[in-house]
DNA sequence: ACAATATATGAACACATATTCATATAAGGA
DNA sequence: TCCTTATATGAATATGTGTTCATATATTGT
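Residue numbers (this note's numbering), protein chains in the order written: chain A, 1 to 118; chain B, 1001 to 1118.
Okay, structure coming up:
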């Protein structure tokens, strides 16, 4: 793998070894990208925003993001599976809230990034 | 929009107004998700990792991530268009490097997140 | 001018993803 | 028990995305 590199003159073989040694493994890269993928949809981002401010039931989220209940349910499943949200049941109503302190940090970092480059 | 909400008893109309007022607009949500989408691919993440350590030419990146030169070029275009990388030309060789201080921060935050929940 | 090399690009294809519609499940009240 | 309401789920569909193959562009050396 390394031997095929064009050896760009700006990097020596020893540095190259180090790069490869610390590189994310295939599964690690897959996991990381799967995590980011969750944030890569406007509807989910809106849901994340709302949940970052207040726990909400599905029906409320549905009207807030302006999308059918079914669509929101499907997206909440994605958020649940990536453990970004948690649920609380009260009778027939299910309240969702954020279940991770990193989530909103990431959201804000990205926001800041976009602000800076505009 | 708000009036259709089921008024979940845990949130009053006044709070609801505030939520909506501060919510990301349609275009803002779109921009944010587009940004995150860039990170949502293992190949691009690997490229980002390598570039976070050292500037590299396309051929090196190609062999490092174990993917055809064409595929890497296509992904580099995505990274260029989202202004995450910059280029330096030396003859016929083009060196890529990261062009944003937020990028690796995001990468590391996500890494930390995955570590914590495992 | 020509050959060789590095990178970029367009078309094609396979695969993933978001939404909708219809319907299932589950809980509460009459 | 039956009806109503909140949420979840499966199938279908349309759209988006990543990779490959073939080829174009551009630069250097002969």
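Where a beta carbon is used, it is the ideal one built from N, C-alpha and C, also for glycine. The model shown is predicted, which means the values in this text are computed figures rather than measured ones.
Counting only Cβ-Cβ distances below 9 Å, residue 1037 (chain B) has contacts in chain A at 36, 37, 39, 40 and 41, in chain order. The beta carbon of residue 11 (chain A) sits closer than 8 Å to some beta carbon of chain B.
For a Cβ distance threshold of 8 Å, nothing in chain A lies close to residue 1087 (chain B): the least Cβ distance comes to about 13 Å. Taking the Cα of residue 1014 (chain B) as reference, the smallest distance to any Cα among A:54, A:70 and A:73 is reached at A:54. Along the region 45-62 of chain A, going in chain order, the ones with a CB nearer than 8 Å to a CB of chain B are 45, 46, 49, 50, 53, 54, 55, 56, 57, 59 and 60. With respect to residue 23 (chain A), residue 1046 (chain B) sits close: the two C-beta atoms are nearer than 8 Å.
Setting aside the 5 residues that flank it on each side, residue 1103 (chain B) is surrounded in the same chain by 1048, 1052 and 1084, each with a C-beta closer than 8 Å to its C-beta; the list follows chain order. Here DSSP, grouped into helix, strand and coil, assigns residue 10 (chain A) to coil. For residue 1041 (chain B), the secondary structure class from DSSP, reduced to helix, strand or coil, is coil.
Cα atoms of residue 1094 (chain B) and residue 1060 (chain B): separation of roughly 11 Å, rounded to the nearest angstrom.
No Cβ-Cβ contact shorter than 8 Å links residue 1050 (chain B) with residue 98 (chain A).
Sorting B:1040, B:1032 and B:1064 by C-alpha distance to the C-alpha of residue 32 (chain A) places B:1040 at the top. Contact of residue 1098 (chain B) with chain A is not assigned, every C-beta pair being separated by 8 Å or more. Among the CB atoms of chain A, one or more fall inside 8 Å of the CB of residue 1031 (chain B). Of A:117, A:74 and A:80, the smallest CA-CA separation from residue 1081 (chain B) is found for A:117.
Residue 60 (chain A) is not bridged by DSSP to any residue. Residue 1077 (chain B) and residue 100 (chain A) have their C-alpha atoms some 33 Å from each other.
As the crow flies, the alpha-carbon of residue 26 (chain A) is around 26 Å from that of residue 44 (chain A).
At a cut-off of 8 Å between beta-carbon atoms, residue 114 (chain A) makes contact with chain B. Per DSSP, the continuous beta strand (DSSP E) segment holding residue 1085 (chain B) begins and ends at 1085-1090. Taken through DSSP and simplified to helix, strand or coil, residue 97 (chain A) comes out as strand.
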